[in-house]
Amino acid sequence: MSKLEHKPISIQKFVFLKQEFSCEIKDRHPLISVEKERYQSVCELLKAYPDLTRIENLNQLAYVVNFLSAGVDYQLIEDIVTFQEKYLAQVDFEKNSYDYLPQRITDHGIFDITGMTGPRMIDQTLVFYVRSTHNGLPYCVRFPLPFDGNTLAQYQLLPYAE
Numbered sequence: 000m001s002k003l004e005h006k007p008i009s010i011q012k013f014v015f016l017k018q019e020f021s022c023e024i025k026d027r028h029p030l031i032s033v034e035k036e037r038y039q040s041v042c043e044l045l046k047a048y049p050d051l052t053r054i055e056n057l058n059q060l061a062y063v064v065n066f067l068s069a070g071v072d073y074q075l076i077e078d079i080v081t082f083q084e085k086y087l088a089q090v091d092f093e094k095n096s097y098d099y100l101p102q103r104i105t106d107h108g109i110f111d112i113t114g115m116t117g118p119r120m121i122d123q124t125l126v127f128y129v130r131s132t133h134n135g136l137p138y139c140v141r142f143p144l145p146f147d148g149n150t151l152a153q154y155q156l157l158p159y160a161e
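Going by numbering that gives the first Met the number 0, the sequence shown opens with residue 0, and the numbers climb by one from there.
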């Protein structure tokens, strides 16, 4: 390893098909290591592990799509109900607080979180929800399947609540 190369930083590990997947950051770029192979794109990973696209594996697929697309900028919301409860509690707290609070989520508006669900397929598109690790705002992510190698995951803020 040269002086300029850095060892990958492990972010999270999970087991899929009895193999350990290690989500890592190397030189500011996300990658997934499985045994001695490293994958830097969703396309490469899906070619090697097409079973990730099976309906029973949508949680793992959402995680790897988000990680390889955005690194650690967004976090997959795995427990929607808990996220909704915490989000609404934070909104309520901020609305009723007269103290200065840096990085208030309500400074960005209040978002409609009622339609959030776990990862699912809608018209051959993987749809899942993430939160920004910078400011906590909720986003909907859409990722078309089958993946052709050219399309990027689309991150969109949720609509404002009425």
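For every residue, glycine included, the Cβ atom is placed at its ideal position computed from N, Cα and C.
Sequence-distant residues of its chain with Cβ nearer than 8 Å to D72 (five each side left out)
Closer than 8 Å at Cβ, skipping near neighbours: S131, T132 and H133.
In whole angstroms, give me the CA-to-CA distance for D147 and N58.
D147 and N58 have their alpha carbons spaced roughly 20 Å apart.
Strictly by DSSP, which residues pair up with F15?
Bridge pairing for F15: Q18 [DSSP].
Where Y159 falls, given that 16 or more other Cβ within 10 Å makes a residue buried:
Answer is exposed; the Cβ neighbour count stays below 16.
Among E161, P101 and L67, nearest to Y38 - alpha-carbon criterion:
Out of E161, P101 and L67, L67 has the C-alpha closest to the C-alpha of Y38.
Just checking my contact of L51 with F110 at CB under 8 Å: how many whole Å lie between their CB atoms?
Actually they are not in contact, since the Cβ atoms of L51 and F110 sit about 29 Å apart, beyond 8 Å.
Of the listed residues N65, I24, K17 and T113, nearest to E161 (C-alpha basis)
Closest by C-alpha distance to E161, out of N65, I24, K17 and T113, is T113.
So is L151 buried or exposed if we call it buried at 16+ other beta carbons inside 10 Å?
L151 comes out exposed.
Would you identify the three-state DSSP class for T124, choosing helix, strand or coil?
Residue state, collapsed to three classes: strand.
Below 8 Å on the Cβ atoms is my contact criterion, and I expect V63 with L44 to pass it. Report the Cβ-Cβ distance as a whole number of Å.
Under the criterion of beta carbons closer than 8 Å, V63 and L44 qualify as touching, at roughly 6 Å.
Candidates D122, Y48 and Y128: closest to F82 by CA position
Ranking D122, Y48 and Y128 by Cα distance to F82 puts Y128 first.
In whole angstroms, what is the alpha-carbon distance linking L60 and L100?
Between L60 and L100, the C-alpha separation is close to 36 Å.
Taking the DSSP output, what are the residues bridged to Y73?
DSSP lists S131 as partners of Y73.
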